[in-house]
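Line by line, the protein sequences are chains C and Y.
Going by my numbering, 62 is the number at position 62 of the first sequence; the sequence numbering is gapless.
Going from the second sequence to my numbering is simple: count from 1 and add 1000.
There are 2 protein chains.
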Amino acid sequence: MSVTAARGFRAAGIAAGIKSSGDPDLALVVNDGPSRAAAGVFTANRVKAAPVLWSQQVLRAGKVSAVVLNSGGANACTGSPGFLDTHTTAERVADALGHNAAEVAVASTGLIGVRLPMDRLLPGVGRAVAELSPHAGERAAIAIKTTDTVHKTAVASREGWTVGGMAKGAGMLAPALATMLCVITTDAEVAPEVLDRALRAATRVTLERIDSDGCLSTNDTVLLLASGASGVAPEEKELTAAVTEVCADLARQLIADAEGASKDIRIEIRNAADEDDAVEVGRAIARSNLLKCAVHGEDPNWGRVLSAIGTTSAAFEPDRVDVAINGVWVCRGGAAGEDREGVDMRFREVHILVDLAAGGAGATVWTNDLTADYVHENSAYSS
Amino acid sequence: MSVTAARGFRAAGIAAGIKSSGDPDLALVVNDGPSRAAAGVFTANRVKAAPVLWSQQVLRAGKVSAVVLNSGGANACTGSPGFLDTHTTAERVADALGHNAAEVAVASTGLIGVRLPMDRLLPGVGRAVAELSPHAGERAAIAIKTTDTVHKTAVASREGWTVGGMAKGAGMLAPALATMLCVITTDAEVAPEVLDRALRAATRVTLERIDSDGCLSTNDTVLLLASGASGVAPEEKELTAAVTEVCADLARQLIADAEGASKDIRIEIRNAADEDDAVEVGRAIARSNLLKCAVHGEDPNWGRVLSAIGTTSAAFEPDRVDVAINGVWVCRGGAAGEDREGVDMRFREVHILVDLAAGGAGATVWTNDLTADYVHENSAYSS
């Protein structure tokens, strides 16, 4: 049900002609209120796309009345003309809706370094506004796809209120954040500062803990919009839990659809000195091309796990680390443990469990395998 | 000419039966003096193989009379039994040569987590000693190959003295150091502390600036041995230049033979605020899987260069960065520059030039493209 699962929201997804394929490429999400409270988190990349720079400004006031998203072009590395394109897009949306452009967020995804075809995008905005519907959440989710093979939506239903969302992202996924556009909506009554805390708490343990290929995008945008249409004001804890549920669901879908992937790898770190150590170790393992190739070959190569751990600054003693792959403790005390022949890696999900024996903290990071299909898909992307 | 180009050295390379293929797998380099001065640099990985731990101890005294190297097994993550295997190997070499085991360095390469077949390795030491020759440098270089398709040697000749070396390494190449074993010899008369400075100065700008796949090995070892047999005592500057020449030559050969690579990528950073910034930016670009795929597809995707730069903490302004690919300034001021259609990427060497416009420092980092062959080779390594 996507971004229209919660009351007070309408959406649209259309083909504006930005993509040469003619596939849907323009999405609109409108918050009909009564509240327009909003929060956002954005890419940590210092090279930020024009729509990221724009939306960061919009979010500073904690209010968003509409989000316009396009696939088919990232509008990154396009200089001031690119920023003007984003501004013009927001103005066009605001004009058509009778809103204020300063409350219209913009998100873009696609190839870096190319200007958007504004002559097609702007007329598309008019058509998207005309097609706005409280039942078009799926269509909006479809319109933000790039190399995604499926569209991604999620919903968490609570008594009297709902959180729903959509996301896109299939490559260039890395914390923080995974390369993605993500819009989450709720009909709960929530103040902007509570939304902000809930969104940061949720993304920190979900969307920021997936790493497809170690490459951090220029365009990552995650927005959380609250309409207040349910009239219910949940406690912050409840809200955070529901937003986390939706983010976790979307994060899993992003990993499952990662470019060329044949395996989803769940890297669970236990008994770290603290959570930062656990995340650092999990990410180092998630970024080892050698390990990702081994998993692709269904090879329980725990040596590549150890050598990745060794590149971190986390607290651990090499001769106290245990590693289990799919339940078999193939490494005990930093050396060979149980027989690796016992590891069954035929299924899509692979579980790597690392016991650092250095404390009581833990974290889980998701990645996927590295495949020839990833190489093929990314060798031909812009051609 | 390898490690026997300099006077005072003998070498051997034999098939001891460590590799099931029957290929050469045991190398020995002996320094017949009169000097036994030596220096070494080792992997920065905190999970260090037994031979690294052993050789680090040996090098502390600045004297090495012999180096025994094996392929077919890394002897990493093998616990105290693995360390005892290394110790026993050094003892056997020392006994056969009438040397002191405390002056025998050991280096190993191959699969992590598996014990070495000592019943074949130890008899092999005896045979290697019997075959020692001042003309067997090539044979030693061949015996340390793993997935290398060619053996690597280099020589720098000076008036009256020589520096020569051998190296292996084809994957798991990352600073510092690239995954490799490397032995360099000279017949110059040099004190251990001068050797140490020369070796560190040389590797810092050569072997530590290649990055094949971002994966740091547990076994990297670079040794520099001086026999003094020439009777010539060059100035430190001259020595450093010659050692740097040999290291640079070997580093280029390692990148050229990287697993599955079809392109060698020279990433040159100019006008950085300082050298550390230049190296950080160079490495970030070298580790972008997306960029490496693009280069494989002969796609001058400068947007992926910008997005990699954006992940660093280096001083730069996104709208002042210029990028040239093979001489064409495809990115000017952080946006599209000259026509990317003009970039010719048909040849093996690809030159990415980044102008950070932030100062006067620079650095060059080498990497290679990411290919389906890399995935295939590393999916099947241990099977």
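C-beta: ideal position from N, C-alpha, C; glycine also.
This one's a predicted model, so the numbers in the text were calculated from it and none came from an experiment.
Short Cβ contact (9 Å threshold) for residue 188(C) with residue 157(C): No. Outside cutoff.
For residue 1297(Y) and residue 1346(Y), the rounded distance between their alpha carbons: Rounded to the nearest angstrom, the two C-alpha atoms are 10 Å apart.
Rounded separation between residue 1126(Y) and residue 1057(Y) - CA only: Taking the straight line joining both Cα atoms gives about 24 Å.
Straight-line Cα distance separating residue 183(C) from residue 154(C): Using only the alpha carbons, I get a separation of about 11 Å.
Residue 1327(Y), buried or exposed, once every other Cβ within 10 Å from all chains shown has been counted against 16: The residue is exposed, with fewer than 16 neighbouring Cβ atoms inside 10 Å.
Distance between residue 1017(Y) and residue 1024(Y) (C-alpha atoms, nearest Å): Their Cα atoms are separated by approximately 8 Å.
Counted within 10 angstroms of its Cβ, other Cβ atoms place residue 270(C) as buried (16 or more) or exposed: Burial call: buried.
Neighbour flag for residue 1318(Y) against chain C, beta carbons, 9 Å: Yes, residue 1318(Y) lies at the interface with chain C (some Cβ there is under 9 Å from its Cβ).
Check whether residue 267(C) and residue 185(C) have beta carbons under 9 Å apart: Taking 9 Å as the Cβ cut-off, residue 267(C) and residue 185(C) do not qualify as a contacting pair.
In DSSP terms, what residue 1166(Y) is bridged to: Bridge partners of residue 1166(Y): 1153(Y) and 1183(Y).
C-beta contact flag for residue 1210(Y) and residue 303(C) at 9 Å: It is not a contact, given that the beta carbons lie outside the stated cut-off.
Residue-chain proximity (residue 87(C), chain D), Cβ-Cβ < 9 Å: Checking the listed chains, one finds no chain D in this structure; the protein chains it contains are C and Y.
Partner residues on chain C for residue 1378(Y), Cβ-Cβ distance less than 7 Å: By Cβ distance, chain C contributes 290, 293 and 294.
Close-in-space but distant-in-sequence residues of the same chain around residue 1310(Y) (CB under 8 Å, 5 per side omitted): Counting only Cβ-Cβ distances below 8 Å, and skipping sequence neighbours, we find 1318.
Helix, strand or coil at residue 114(C) [DSSP, three-state]: It is coil, neither helix nor strand.
Same chain, Cβ closer than 7 Å to residue 360(C), five either side skipped, listed in chain order: Apart from sequence neighbours up to five positions away, the residues of its chain that approach residue 360(C) with a beta-carbon distance below 7 Å are 271, ordered along the chain.
Selected residue, minimal CA-CA separation from residue 1035(Y), among 1063(Y), 1072(Y) and 1071(Y): The shortest C-alpha separation from residue 1035(Y) is found at 1063(Y).
Exposure of residue 65(C), with buried meaning 16 or more beta-carbon neighbours within 10 Å: It counts as buried.
Proximal residues to residue 1115(Y) (C-beta, below 8 Å), its chain only, five neighbours per side dropped: Result list for residue 1115(Y): 1073, 1075, 1078, 1081, 1082 and 1085, in chain order.
Buried versus exposed, by CB contacts within 10 Å (16 or more), residue 1123(Y): Answer is exposed; the Cβ neighbour count stays below 16.
Residue 109(C) at chain Y interface by Cβ criterion, 9 Å: Using a Cβ-Cβ cut-off of 9 Å, residue 109(C) does not count as an interface residue toward chain Y, since no Cβ of chain Y sits closer than that to its own.
Helix, strand or coil at residue 957(Y) [DSSP, three-state]: Residue numbering for chain Y in the displayed model covers 1001 to 1383; residue 957(Y) lies beyond these limits and cannot be assessed.
Nearest-angstrom beta carbon gap, residue 143(C) and residue 49(C) [assumed within contact, 8 Å]: With a Cβ gap of about 18 Å, residue 49(C) and residue 143(C) do not count as contacting.
Minimum Cβ-Cβ distance from residue 302(C) to chain Y less than 9 Å: Under the Cβ criterion of 9 Å, residue 302(C) is counted among the residues facing chain Y.
Nearest candidate by alpha-carbon position, reference residue 129(C), set 376(C), 2(C), 31(C) and 366(C): Closest option to residue 129(C), judged by alpha-carbon separation, among 376(C), 2(C), 31(C) and 366(C): 31(C).
Option in 117(C), 344(C) and 3(C) with minimal Cα separation from residue 133(C): For the options 117(C), 344(C) and 3(C), the alpha carbon positioned closest to that of residue 133(C) is the one of 3(C).
Test item: CB-CB of residue 1285(Y) and residue 1206(Y) under 9 Å: For residue 1285(Y) and residue 1206(Y), no; Cβs fall outside 9 Å.
Where residue 307(C) meets chain Y, residues with beta-carbon distance less than 8 Å: The contacting residues are 1045, 1047, 1076, 1112, 1172, 1215, 1216, 1217 and 1218.
Partners in chain Y for residue 375(C), counting only beta-carbon separations shorter than 7 Å: Within 7 Å Cβ-Cβ: 1293, 1296, 1370, 1371, 1372 and 1375.
Neighbourhood of residue 384(C) by C-beta distance below 6 Å, restricted to the same chain and skipping five residues each side: With chain C covering only 1 through 383, there is no way to say anything about residue 384(C).
Interface flag, residue 335(C) vs chain Y, CB-CB below 9 Å: Among the residues facing chain Y, residue 335(C) is included, as its CB has a counterpart in that chain under 9 Å away.
CB of residue 1290(Y) within 9 Å of CB of residue 1316(Y), strictly: Taking C-beta atoms as the reference points, residue 1290(Y) and residue 1316(Y) fail to come closer than 9 Å.
DSSP bridge partner residues for residue 1215(Y) (one or two, in chain order): For residue 1215(Y), DSSP assigns no beta-bridge partner whatsoever.
Beta-bridge partners of residue 63(C), as assigned by DSSP: Answer is 37(C).
Closer than 7 Å at the beta carbon, the chain Y residues around residue 311(C): Neighbourhood of residue 311(C) in chain Y, by CB distance below 7 Å: 1045 and 1216, in chain order.
Option in 1139(Y), 1255(Y), 1225(Y) and 1193(Y) with minimal Cα separation from residue 1180(Y): Looking at the Cα atoms, 1255(Y) is the closest of the given residues.
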